[in-house]
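Below: the structure, in structure tokens.
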Amino acid sequence: MRVLHQLWTCYWLQLKVISTSWFDGVLAVFFPLMFATAALMVYQIRNDPAQMQYAGLGAAIMGMWTCQGVVAASLLSRERGAGTLELLVATPTSMTRILVPTTLALSTIGLYCVIATLLWERWVFGLHLAIDSWGLFVVAVLFTALTLALFGFFLSVTAVRYRVSWALGAALEYPGWLLCGFVVPLALLPAWTHPLSWAIPTTWGMAAVRDSAAGTSPWRHLALCAAVGLVYCAVAAVLGRVLVDSARRHASLALR
Amino acid sequence: MSSVRVFFIGGLLSYRSLFNWLSPWILVPSLIVSPICQVLLFAYIGRGAGVGNDQFFVVGNALSYAAIPCLFAMGATVEGERWSQTLGLILSTPARRIPLFLGRSLPVILNGWCVALVGIGAGMLLLHVTIPASSWPSLMLVLVVASASCTGLGLAMGAIALRMRQGAVISNVAFCVLLVFTGVNVPVALLPDWMAHVAGWLPLTHGIEAARATARGATIGSVSGLLGRELAIGVLYAGVGLCLLNYFETDSRRRATLERT
């Protein structure tokens, strides 16, 4: 019960902090929305309904990647900058139980971005997405958000020694949009990039979202999405302990 | 003589100390990896949509990303001084404001030009886009003019940063507006009328059109009208920026809000 209370408190507190931030809360929604707009404008030139359906679904989900990737990479650097990293590391609560609720809060902003983009597509582009099963669509989106939070946890831990990790997070934005197949079919990308795409849970989540919209079963892709996300979570949990212990041993935790 | 020194030496010193993106840990991901990836992203979107050609997207997006250092570095000239607690010192000097702030824009223009070249070079290497050798001198000049024009807008953004704390957010919003409105990925002729009208008053619009024409082999003379308009828009925004700087400086002194963060 105490664990649940800690997880909820951390999630809620971080959600309030992030959602009231101009950079993490407002810009994280606006920025991908404008890129989604640019992508949809390109697809709109031919105005092929099948292509617009493809691009519309991908554009809706691509904001989730921005909300998670850009901010998650710099989570620990921000704590360092605020002078609270040592306090977090010194608490008896594990880093996993601190970071996962935080990345879940980022995913929640990502869900807001999905809704905002769906409404934007309808109002601005007159795009009415054909969703065969809204229930499965919602499940697929929520699953994608959850596994993306686990991937964000991995990112935040691995970037603990990278003092300007925000630059890493920002640089991951475009590759993620390309590799996850949001607005570009993966088949168009060079074959050597495919394993990179498969290693990102969001690729499978996006495929599941498309399945649910098309009326086919999304469960296989959701299972793959969960499996990849759990691998990242497990690796991050171990790495987090190793990297933080190393930073404490070398007294380099607070170094900037 | 003092103004010339402030313009050149002061501008260079300011750029080196305030634009912290010059650290390789930031420069490589932000000004090399990201422009390449934006070029690739939209070139593949174009392929997926079956519209345009790679050269169209490479030139447009390389120039679009050149706006990033232009907008952010000029914002940093004000915000960076504030965070370094030197803004008050700078603005209490008798140095003339025009060389003080315009001098900071020269290295930024060069930076934007380099970023545009990185994007185009990557497009040529990775997407096999070809640009005739005879087009390069004209294209280089167009890129300089477009970077200068964006830096004019950046100066206006920097002035706003004198009043607002969220300089990075303002610069990002301006970048997004340029991405959607200036014909980076969709020709201005295909935009709705009101968007095309707005585009005519933004930096990059004419620069991108001129760059695409020169990349296809047009002479510099044939795009001189576009270049002139691009430069005029840049000068307009720089003028607005200098006026805003003057106004916000005076107002901040009156309200004692210069160092408010």
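Protein chains in written order, with our numbering: chain A, 67 to 322; chain B, 7 to 267.
Where a beta carbon is used, it is the ideal one built from N, C-alpha and C, also for glycine.
(request) Look at the Cβ atom of A215(A), then the Cβ atom of Q134(A), and state whether they are nearer than 8 Å. (result) yes
(request) Could you please tell me which residues of the segment 101-118 of chain A, in chain order, have their CB closer than 9 Å to any CB of chain B? (result) F101, T103, A104, A105, M107, V108, Y109, Q110, I111, R112, D114, Q117
(message) Going by DSSP, what residue range makes up the alpha helix (DSSP H) through H212(B)?
(response) 211-221
(request) Note down, in chain order, each residue of its chain lying with its Cβ closer than 6 Å to the Cβ of R218(B), except the 5 sequence neighbours on either side. (result) V65
(message) Any contact between the segment 94-101 of chain B and the segment 183-197 of chain B? By contact I mean 3 or more CB pairs, one from each, below 8 Å.
(response) no
(request) Can you tell me which of T188(B), D199(B), L108(B) puts its alpha carbon nearest to the alpha carbon of G160(B)? (result) L108(B)
(message) Here's the rule: buried if 16 or more other CB atoms are within 10 angstroms of the residue's CB, otherwise exposed. What is Y253(B)?
(response) exposed
(message) Three Cβ pairs or more, each shorter than 8 Å: is that satisfied between the segment 203-210 of chain B and the segment 111-129 of chain B?
(response) no
(message) Which residues of the segment 240-261 of chain A have a Cβ closer than 8 Å to any Cβ of chain B? Give them in chain order.
(response) Y240, P241, W243, L244, V249, V250, P251, L254, L255
(request) Could you say if the segment 73-90 of chain B and the segment 161-179 of chain B meet the contact criterion of at least three C-beta pairs nearer than 8 Å? (result) yes
(message) Can you give me the C-alpha to C-alpha distance between R188(A) and F14(B), rounded to a whole angstrom?
(response) 51 Å
(request) Using the Cα positions of L33(B) and C249(B), report the straight-line distance between them to the nearest angstrom. (result) 31 Å
(request) Ignore the nearest five residues each way along the sequence and tell me which others in L73(A)'s own chain have a CB closer than 7 Å to its CB. (result) R163, P167
(message) Please report the distance separating the alpha-carbon of L106(A) from that of V229(B).
(response) 30 Å
(request) Identify the continuous alpha helix (DSSP H) that holds T269(A) and give its terminal residues. (result) 267-280
(message) For the segment 304-319 of chain A against the segment 214-228 of chain A, do three or more pairs of beta-carbon atoms, one drawn from each stretch, fall closer than 8 Å, so that the two count as touching?
(response) yes
(request) Using the Cα positions of A79(B) and T183(A), report the straight-line distance between them to the nearest angstrom. (result) 30 Å
(message) Cutting at 7 Å between CB atoms, please list the residues of its own chain near M201(B), excluding the five before and the five after it.
(response) F187
(request) Could you tell me which chain A residues have their CB closer than 7 Å to the CB of V39(B), listed as they occur along the chain? (result) A237
(message) Run through chain B and tell me which residues come within less than 9 Å of L195(A), C-beta to C-beta.
(response) In chain order: nothing, as chain B lies at least about 17 Å away.
(request) Measure the C-alpha to C-alpha separation of L81(A) and C120(B) and round it to an integer number of angstroms. (result) 39 Å
(request) Can you give me the Cβ contacts of L151(A) inside the same chain, cut-off strictly under 8 Å, excluding the 5 residues immediately before and after it? (result) L142, E145, L319, A320
(message) In the DSSP assignment, the alpha helix (DSSP H) including Q134(A) goes from what residue to what residue?
(response) 115-138
(request) Anything in the segment 71-94 of chain A with a Cβ closer than 8 Å to a Cβ of chain B? List those residues in chain order, please. (result) W88, F89, V92, L93
(request) With DSSP collapsed to three states, give me the class of V95(A). (result) helix
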